[in-house]
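The numbering of the sequence shown is this note's numbering, which starts it at 1 and goes up by one. We put the CB at the ideal spot given by N, CA and C, even for glycine. Quick notes on the structure that follows.
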Amino acid sequence: MANRPGREAAEPWSCSAFCAIAILAFTISALTLPAAAADLATLRNGFTIRHDHRVVMGDTTRLFLSADELSFTDVATAEITGYEKD
């Protein structure tokens with residue numbers, strides 16, 4: 001396809017395309033930062049459960065797998081031997 005008179009051919013990587021990719025990469029990396037702030041619950045059997053935060057409810061500890069509190073698992077408090085940062 002021929003260029004119209006007075007118009008230059010578009011460069012394959014124009015500034016706007018580069019800026020859009022840079023902003024997208026920054027946004028993706030910023031969204032993954034909260035995931036790095038998780039804790040590990042170490043169980044008596046040696047397994048660990050990665051979680052965002054926890055609530056101890058007597059004999060049961062609720063481990064929230066995400067910050068929105070929609071995903072969680074309940075574990076017997078006696079089965080948890082400790083916590084550490086992931």
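- Looking at the DSSP output, Glu-84 shares a beta bridge with Leu-40.
- A distance of 8 Å or more separates the beta carbons of Leu-70 and Ile-49.
- At least 8 Å separates the beta-carbon of Asp-59 from that of Ala-38.
- A straight line joining the alpha-carbon of Gly-46 with that of Ser-66 spans about 22 Å.
- The alpha-carbon of Val-55 is positioned some 19 Å away from that of Arg-44.
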